[in-house]
Structures are given as structure tokens and as C-alpha cells.
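Quick note, the sequences are listed as chains A, B and C, same order.
Numbered according to numbering that gives the first Met the number 0, the first sequence spans residues 0 to 290.
Numbered according to numbering that gives the first Met the number 0, the second sequence spans residues 0 to 153.
Numbered according to numbering that gives the first Met the number 0, the third sequence spans residues 0 to 774.
In this text, a Cβ means the ideal position worked out from N, Cα and C, and glycines have one as well.
These notes are about the structure you will find just below.
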Amino acid sequence: MSLTNVKEYFTPSGKDEVLELLQTYGDSALIVAGGSFVHGLDARDLLIGIDALIDIKNIGLDEVRNTSEGLSVDALVTFTELKKAGEIKDRPEFGAVRDALEYPPLQIRNLATIGGNIASACPYFDVPTAIMALDAVVQAQGPAGSRTIDLQSFFAGLFQNALETNEFVTGITFPQLPARSASAFIKLESNANDLAIVNVAARISVDDAGVCQAARLVVGGGVAETPVRAAAAEALLEGSTLSEETVQKAAEAVGTELDPMSDHRASAAYRLAMACTLTRRAVRQAIERLK
Amino acid sequence: MKKLITLEINGELTELSVEPSESLLQVLRRQYGLTGTKRGCDSGGCGCCTVHLDGKAVYSCMVFASSLQNRRVTTIEGLTGDGELDPLQTAFVEKGAVQCGYCTCGIIMTAKEFLSHESDPDEEQIRHAIAGNLCRCTGYHKIVEAIKTAGSGS
Amino acid sequence: MTKTTVVGQSVLRPDAYEKVRGGKGFPVNVTLPGMLHAKLLRSPYPHARIVGIDASEAEKLPGVKAVLLPEDVPQKKFCPVFFVPTMAASMIQDMLILSNTVRYTGQPVAAVAATSIEIAEQALELIDVEYEELDAVFDTESAMRDGAPRLHEAAENNIAKNPVFEFGDLEAGFAEADHIFEGTYKTQRAHTCYMEPRVCVVDCDADGRLTVHSSMQHMFGLREKLAFALDLPDSMVKVIKPPYIGGGFGGKLDIGYIEPIAALLSRKTGRPVRIEQTRFEDFISTTRNPIEVYLKTGIRADGTFTARYARSTLDCGAHATHGAEVIMVHGMFGILLTYRCQNQTWEGRTVYTNNMIGGGYRGYGSPQGCFAVESQIDEICNELGFDPIEFRLKNAHHEGDPHPFLQGFNLTTYRFEDCLRQGAERIDWTQRTSPDSKQGVLRRGVGLGCQPLWVSGCVGFPDIYEHSGAIITMNPDGTANLANATVDMGSGQITTLCQIAAEELGLRADQVRMTYADTETVPFDAPSHASRVTYSAGNAVKAAAADAKQKLLEVAAIMLDTDAGDLEVREGHVHQTGTDRKLTIAEVVTRAESPFVQMTAEGPMPTTIAEKGTIIGVSSLAPPSNPSPSSVEFVEVEVDTETGEVKVLQAVFAHDVGKLINPAAAEGQVEGGFQQGMGYALMENIQFDAETGTCLTGDFLDYKIPTAVEMPRRIESIFIESNEPTGPFGAKSLSEPCCTVPAPAIANAIFNAVGVRVKELPITPEKILAGLGKL
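Here it is as C-alpha cells:
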């Protein structure tokens, strides 16, 4: 196990120190937030060559704030803390995030962080699928300053994110969504402590007449190397009144945009079928939440 | 390279020298002989290693000991400061919720945190609260009853 | 039936208080001064010859104290299984402690003992092994074909064992049948998932004597097998009984590789050596063997069996281990003996493949059989319109019948019918509707599964020894010590045996204490397996207690100047029957341990020689019989016809238990057994990479077992007390059927819900959806 080969565990107290360490260690450093997936990475041989762990818990990035750009969630905010945030609890547009946070067990919720979860670029996680449906963006800090990365670009591949070697995730921001928006997230799992076989997040925004102005359908789990936005299916919903028929058509269309894998958990055919079924159910649930 | 850290374990301040990859679970068992926290899988899948970190239930197998400077750890041995049994412990014994006992302490630690912010929970809430703790002996039935009893203060 | 005061009560477990505070007694906590840590190097190939091993770099690593290679071990083949005499005919001796022939991915090929686990792991990476890869086979069909790689010299076509049982005239039976049903049923590889890993500490002293601590279910079996594998007399090995272990379920009924390897490393280094398996190593160590069952059944128009034929193929993997016994128990109690039929033939095959080895697991072959038999009965009933309960009763054994297999025994108590009828009532069986009548996305169904005949221990089985022993020592404070070799793996063996002793001695359960034991201080006892502890060990404990009681009464008789026959024990006292005269048990024991002449207020008072000495009761005996419990499970499920997901809503379990010793503990067995049976039915499956044989499900993220969320919200137990005359206070066994009957009940409930018959476990949502034609 490569983890025992790690030589240093740093606990910097500010962003500058983090950047300095990244500069020194480059590719042989791993940023650790909650740390709940480090052993998972090790088990997948993704820690080979890592000499230093850089633990960023003490650099003060632990708030949920309303800003002009939208709702900002710092990297070190744990699932438990995010669950308690007023906006997440109450607003219908955050339904998908609320749903996604219900699935992990208590011990994970207390340790896992938004930053760590997103930076892992693991398609079997739940929060990435949920927040992609809300157009969340990633805030990253590098030596040249901070930058914003949209999620689809951020998730570059299986366990690969778009960060430069000397950058780290400082948080995510949920942009302001249209007034009448609601979202939902559903996960298919074999038992209550599982990675997703398939998961789906649906977000709809409608105008006062009930016509859909924007739709997001995101599918994760074993359907691709990253969560996938089913754009063609979204297009079917947009401009419609979200009738049963339209929702059904969009759910079916999701199937045409995915090329899932078969593994010991499930076959590609099952994942495909479930992506469609869960899409239909998630959209219906989001529609319910609009009321 | 080893690090020297200061932390609180079961109410006592202590100094620790740790390797970068050492987990809290390893430290508790090997350096402190606190064997009530147990290894079932070492991968955050079974919950036998559950302890409180600053009052919150976590899998100690995935907490890096190096990250514990100035933090507060509570294990089953420190659940009650005075040697008396916690109502959860009593309930587990009296309801027959203990068979082999290997998962017991992890579940008690989880339930303890859960009950600290959820008074008189119903069965569904309890089952979800312990979803991260596996038991192979009891089928969870009497465990849920015990937590319900302790939670209702009866 | 005598009234009991302690037996029949839900007495609290004495070990529970310690366990909720941390539980110091688990073998995983054992440390000895100077102890070294060992790790095993495991083969990455499923079938290979080791052409060369160079461990010189590993040996040089600071902290490494010894390395063990195949050339260092005794070249003596053994079978690791605990509960049969070592050279018994049914055992297949096909293992070496370390071998130059690799037969499964993960097989240990070398070991290192070092001052820390981390150093040992580092040292493994420095061992250079040159493998010559060989062709591998991963399924029984391929393994049995001519030309397949031969995995063991002694096994032609890789068939390790091929038992056949024939009764009556099968051909005539099928000729007589009005209907014939055929089908193939498959079960998967599953793991016991005991929570405490397999772990041992072995200490070799200067004379070569071994002291062994291990998380295992049988200390005498461990002693015997370890001594055999190391070519030592039994008396050179001492196994210490742990106060309790963290689960076993049959998965700790053999020497893993770890005890012999730790022993050899300890001998080499002169220090105790500890080996603890990782969860991944546990997953590839010992499992429930997959069995494929072909069933062909003939029935008359009235629903009675005319002929039953079955062929079972068991994949034992690289070594036979338990496979030779499991196939027999499977054939007998999973298939042939379940119902009455004059014309039956069963053929079993235990087949070698390059898959991982198997072990014991609750039910021991009968879950695989009951799944097949009970599924087919359900198919027969659905097709021909029989009521599933009446059909089974038509073909059931009857109380008083001669035992269908064990010579010289009868079914002295047999309440299969009561189980069926009472369970049916509790789940509202008559409200069941057919699958065709159901509508909606979510559909509910009710099903039943049975194990009509099981065992209480191993009396009557060829080659398996079955006797128990106990020593009861009375203390001057009126309490009793119980020394017995039974290992408590969580089912409550300690509590049960203390209750039986207490009942016999007229004490409270908490006045009997299970003490320290090792293989040098207590009589032999068979393993904690085969649902035998209550009946068999309980029988011996009761006998030892009766022996102690007799001596107690004889001393009391002297003190009360009467005959022992006039005395009885009750509530901590010896009473002269029909009078007010009594003594406390403490007084009697104290008297027996008092001086020959005692100083009292009245001056020196003599006592007699006759009553002197510690009051001890001893037993070592086989139980008188092997009575059959009977079990039925009724289950209600809800199936989501869009996702195939199954929710188990409720379960009702009915069991002919003879006599309940501890109701709460018995319920615990039922509830826990249901978790295992349900996991087996719906989600558990050890899977491998088809090309490399590498295990893909080596942690709890990938090997799914039910959490508290998946369990049914109602599990009800009905215990029918038939008062078995040969059992201690009337008891028979309980524990294994709890794990056997859920799977067929769930499979049949799923059929009742959605009309989909899945004949291959686990019944995943995907299989149901495919069965509904939606995939």
C-alpha cells in the first residue's frame, strides 16, 4: 500500500503556505480535506508516488455564505454542516443537494467535505451529480490568484480533475437560479452504505406560466468516467409545460446519451434502464417541489 | 517523518508521536491500549472503529492521527466519565442487543452522537442513523429497540 | 414436563456488560511480550508453479526476524477442517502450509515475521518470486472436462469427491409419476462476514511446545489439526479458549494458513508471532461454496412425490477443505431427507477449480439445497394449483417415524405441521393473492420456505466425532464454576450453558460462571457448530451439574441426617422434600471443605470423612441422539417493478425448538439469521475477475450485506416447544435453520409478487427486471 510510503503530513495554517507546499512537492503532494477518501484512492493504486499529504483543515475555509455571485460553500464545509445551512434546508432549488446529503452514513457526513468530494472527481459520488444540476462552479486557488472552473470542465476524467499541479479547490459557488426552480436527486444503491450504481439529479426552472425555462439532467454512477449532462434530453424539457408525456420522452432520451459500463455491480443495460427510470422519477419529484 | 501532536483523549491531554500514514484507529489501539475501538475492515465500511472527534461520530480508520492537533477524541472507554454505564450501554445489555459484541461499541458511539441531537427518534430515523454500522449477528432488531429505549429516556 | 425457573428465562448475558464497555476478551486484543508481527505474501496468479524464490533482500531489512518459504514447511498434506478425526476417510488431505504449486489467486506463498506490521509488509515487497503460469479453470464444467488442467494428482477430472445415495427404484418412481418437473438452481459464493478478523498469536517455547491464541470456534480441533500439520503430538500444542470471539458462523472452523505459519515463525525466532488478516484476506479465506443443483421430481396427481432425483455440483476451489463434508450435508439435509419419498437418488460432486477455497458457513450446504427444493415445490404448486402448505404436509415426515438417515433414531419430536400452520396464521397466509391479480408499480407478495429436517449436533454422522465434557466446581460462597471447552462466538453459548447448569443445581444463572479453559484443563468438546451446543454440550453440562448435585445432596444428607433421595435443590438451597428443613448450598459446600474437627461456640465438633472434599461434577459423553428441529419462514416482500428492487416487509419464523432455554437469545438467532439469509437471497456475491481470478469484492463497499435500513421492520419468532425427551430440559437446536430458510421464502415471495422465478442467487434487481422482460 502506497499510503505507508508517504513521508510527510503537513498542516499549513494559511493559503500561502498551501501554495508553497504545492510548489515544492508538485505531483507528489495530495491535498487532504476530510480525508475520507484517501484510503479509497490508495486501494485503487492512485497514491503511487505521493510523498506528502497537505491537510488544509486549518486554513479557515469553512463557511457557507451568501455572496453577490450566489451561495458560496467553502471547501472544508462538511456534509453535516452543509445539511444544516438554512438555504440548503429550505429552498426548493437545493432539493437535489438535500437529497444527496441524506445518503451517506453519519460517520461519513461528519468527516467528508465539499472540497474533498468534488476534487476527488469520482463519478460514483453523489454530491457532484447533484451540484452539477445546479450549475455550481469550482473556485480554485493557484499562485497567480483564484479562478472559477465550471464543473463539466473540472471533471476531466475518472479520478482526474482539471486543476493545475499548483492549484487547490477552495470552494464551490451555486449561482443564483431563476426564481421558480426546484431540483431532486435519486441514487440507486445495493444497500444503505454504497457507491452509486446510477444516480440522477434533475433541476427545472419554470416561468410564471409553468413553462420550463431551463432544465438540467445529470447522470452519474457507472455511466461514464464523469457525471454526464444529458443535453438532448434537457432540450426536450425546455420550452415545454412538463407534461407526463414530455417527461417520459426526456427520460427515454437520456438513454441515448449514455454509454454505461458493465461491472460486478450491474450491467450496462441495467444502468441504462435505470438512468431513464430515475430521471423520470427525479423530474417528477422536482415538479412536486415547485408547488 | 514523525510528528509530535497534542490532543485530548477521553478527557486527558496527551502527547503523541505519529507517522504520516497512521490512522487514529491504529494509534488508539497500539499506543494507548484502548481496545474498545476495533478494526473490522479498515476502509470505512463497517463502523466498528467509530469514535467521537470533537463530539462527532467518525470512522477512526480514516482519520489521520497527524490531523489531530488540539482536537478532542472520545472512545467507548470515555463515554461516561465516572465508570457508570451510559443509558445506551444499559439498554444494549437489557434488550439483548449484544451477541458477539464486536460491532457493539461502534454502534453505541454512533447512537450516542445521534441521540445528542435527536430526542425520542422513531424507528426509521434510528435505522438510518446506524446505516454506517454493520452487524452480522443480531439482525439489528434489538439494537434498534435498545437505541429507542435509551432515546426515549425510559 | 417439569417446570423450570432459570431455563426458559431471557437471562442477561454475563459477557454483555464487558462488551458494551469495550470487550477486552477478543483474541484480536491478545499481545505477548516480545511479540512479532507476520504478513503473508500471496500469489497474483490463479494457477502457477513457483520456479524460484529469493528472499535474501527481505531477510536483510532491519526489523525482519524470519522468513518462511515453501521449502521450510513439513511436506505433510493435511485437511484443515476441525471437526473430524484427522485421518478420517471423508477428509481430503490436499493442502500444504506453503506450497510451490499455486492453485488460487491469493494463495499464500511466503511469510515474514518482523518487529512491526509495516516492516513485515515492506519485506514482502522485497521477496522475489518467479512464477511459471499454468492454464487455469474457473468453473466446474470446464474443470471436469477431459484435458482440463489437473489441479490435484489424486482427483481425476478434478472431482475431489463423488458421493451417490440411492433409495428405492428411481425409474419406477418416474414411470409412476403423473407430472415431472425439472430445473437447475444455482447459488453463489458468499462470506460469513464475521466482524472480528481471523487472528492468532502462537508462542513456541524452548521445548518446542506451542501455546495458541486464535479467533476460532474449536480449540481441540485447532490443537489436533495444528499438531497434525506440523507433525507434532497433540500434547505439544496448547490452545487457550478465548472468553469470546467476534463472530464465526462456521467461517472459523479450520486452521487458516495463519496458525501453522505463525507456529513455524515462532519456532524459528523463539518469539511469539501474531498474524491478523486484513478484511480482503478474510474475504478470500473461507466461504460458503457455490452449488449448482439439478432437480428432477415426479409427483402423482394427488401431490405426493413418486421420485426425486438430484445432482449437485459444488465448486470447492483450490482445495477441498470443508467441501467434502458440505456436499454430504447438502445432499442429505438440503435435498434427500427434506420430505418423504421412497424412490430417491442423489449424486454429489465436489470439484476443484482455481477459485478460492471454501469453508464452513451456517447451514453447511443445506441453504443451497433448500433454495432449490423449496423453489421447485413452489413452482409445482403454482403450476398445478396445490396449496403450498398442504402439499408440503402431504409429503412430510411424521413424529415417531424412524429417522430417515440416522440409524437407530426416531423423530421423537417433530412439529413441522405446527410450524407451518402457526406461521401461516401469523402472516395471514390466506389473504395471499396470485401474481396475475396484482397491479401498480409496487407489488407485494408472500412466500414460504422450509427446512423440514435439521440436526442437533453430529451424532450418527460417519467420521464426525461428537462428544462433550464439563467440570462443575462448587464454591463455598454457593456459586458454581463451569469449565467447558465451548467457544462463545456470539450466539450466547456461555449464557445457555450457565442456565442449564444453574437449573440443575438450583442456582440463579448469575451464580454459575464459565471459567478459563484451555486444551490441557478441560475435557474434549466438539466445535461450536452444527447447531450442537445447546443439545450436545448442554447435555454434558447438565450431566456434570447432576453429578455435582448428587455429591452436594450426599453431604447435605449427612448434615440433615437423612437420605440424599429425600433432598432436592431449589433457589440456592437444599430442601428436605415435604418439610421446612433446608440448608443453603453455600453451607453445604463450606461444610465439605471444612476441617475434620471444627472449633465452634460449643467447642470442637467433628465432621465425618464421608463429606470431605471439593464438590466437583464431571462429565464426558456423547449425547443420546440427534433430534430434528423443523423450521419454516414466511416472508412478505414488496417489489418495485420499475427498478426490480425488493423490500422485505416482514418475516415470521416458526421453529420446533423442543424447549426454549433463553427466549431473547433465541429471537436474536432468528433475527441475525434472517440478516444473513436475506443478504444471501438478495445481494451477497463474492465475485472474481474472469481472467486473473482476482477477487473483486474484497471489502464491504463491494460485498453487500444488509444494513439496519434494508431489514424488515417486523421479524416475529414462533417457538414450538415439543419437549424433546433426549434434550437437556427438552431442548433441541435452533441456530442454523434461521439462516437457511429466508432465501427460499424470499424467492417464493418475489414470485408471488411479480410472477418472476429467479433460480440463481442472489436475486438482484437486475434479474427481476430481466424476468419482467424490461431489460
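Anticipated Cβ contact below 8 Å, residue i with residue j, distance rounded
i, j, result
"Leu-771(C)", "Thr-640(C)", "6 Å"
"Ala-262(C)", "Leu-313(C)", "Incorrect: roughly 30 Å between the Cβ atoms, too far for contact."
"Thr-349(C)", "Ala-323(C)", "6 Å"
"Val-253(A)", "Ala-232(A)", "5 Å"
"Gly-571(C)", "Lys-658(C)", "About 23 Å; that fails the 8 Å criterion."
Proximity test, Cβ basis, 7 Å: residue i and chain B
i, result
"Gly-299(A)", "What is shown of chain A runs 0 to 290, which leaves residue 299(A) out entirely."
"Asp-54(A)", "yes"
"Thr-23(A)", "no"
"Ala-154(C)", "no"
"Asn-165(A)", "no"
"Ala-663(C)", "yes"
"Gly-667(C)", "yes"
Minimum Cβ-Cβ distance from residue i to chain C less than 7 Å
i, result
"Asn-198(A)", "no"
"Tyr-269(A)", "yes"
"Asn-4(A)", "no"
"Thr-137(B)", "yes"
"Ala-214(A)", "no"
"Gly-44(B)", "yes"
For residue i, three-class secondary structure by DSSP
i, result
"Asp-53(C)", "strand"
"Leu-105(A)", "helix"
"Val-137(A)", "strand"
"Leu-31(C)", "coil"
"Cys-48(B)", "coil"
"Ile-714(C)", "strand"
"Lys-141(B)", "helix"
"Met-488(C)", "coil"
"Gly-80(B)", "coil"
"Met-0(B)", "coil"
"Glu-256(A)", "coil"
"Asn-160(A)", "strand"
"Gly-94(A)", "helix"
Proximity test, Cβ basis, 7 Å: residue i and chain A
i, result
"Gly-150(B)", "no"
"Thr-36(B)", "no"
"Lys-23(C)", "no"
"Thr-706(C)", "yes"
"Met-108(B)", "no"
"Leu-335(C)", "no"
"Ala-130(B)", "yes"
"Val-57(B)", "yes"
"Lys-703(C)", "yes"
"Phe-63(B)", "yes"
Closest Cα partner of residue i within the set the options
i, options, result
"Asn-27(B)", "Lys-141(B), Thr-74(B), Lys-94(B) and Pro-120(B)", "The displayed chain sequence assigns Leu, not Asn, to residue 27(B). The residue with the shortest Cα to Cα distance from Leu-27(B) is Thr-74(B)."
"Met-260(A)", "Glu-233(A), Leu-241(A) and Gly-221(A)", "Gly-221(A)"
"Gly-612(C)", "Phe-595(C), Asn-381(C) and Arg-270(C)", "Phe-595(C)"
"Ile-286(A)", "Gly-238(A), Asp-262(A), Ala-268(A) and Arg-202(A)", "Arg-202(A)"
"Pro-626(C)", "Arg-431(C), Ser-530(C), Gly-297(C) and Val-454(C)", "Val-454(C)"
"Leu-779(C)", "Thr-303(C), Val-238(C) and Ile-749(C)", "Outside the shown range of chain C, which is 0 to 774, sits residue 779(C), and nothing can be said about it."
"Thr-85(C)", "Glu-670(C), Val-111(C) and Leu-229(C)", "Leu-229(C)"
"Lys-703(C)", "Thr-137(B), Asn-132(B) and Ala-149(B)", "Asn-132(B)"
"Val-66(C)", "Val-101(C), Gly-33(C) and Ala-110(C)", "Ala-110(C)"
Counting only runs that start and end within the region 27 to 92 of chain A, where is the beta strand (DSSP E) found for 3 or more residues in a row?
Those beta strand (DSSP E) runs which fall completely within the region 27 to 92 of chain A and span 3+ residues are 28 to 31, 51 to 54, 63 to 66 and 69 to 73.
Taking the runs of the beta strand (DSSP E) that are 3 residues or longer, which of them lie wholly in the region 325 to 357 of chain C?
Look at the region 325 to 357 of chain C and you find these whole runs of beta strand (DSSP E), each 3 residues long or longer: 343 to 351.
Ranges of the beta strand (DSSP E) found wholly within the region 250 to 289 of chain C, counting only runs of at least 3 | The qualifying runs are 272 to 275.
(message) So within the region 388 to 462 of chain C, which uninterrupted alpha helix (DSSP H) runs reach at least 4 residues, ignoring any that extend past its ends?
(response) Taken in chain order, the complete alpha helix (DSSP H) segments of 4 residues or longer contained in the region 388 to 462 of chain C are 415 to 425.
* Give, in chain order, every unbroken run of the beta strand (DSSP E) that is at least 3 residues long and sits entirely within the region 64 to 121 of chain B. => Counting only runs of 3 or more, we get 71 to 73.
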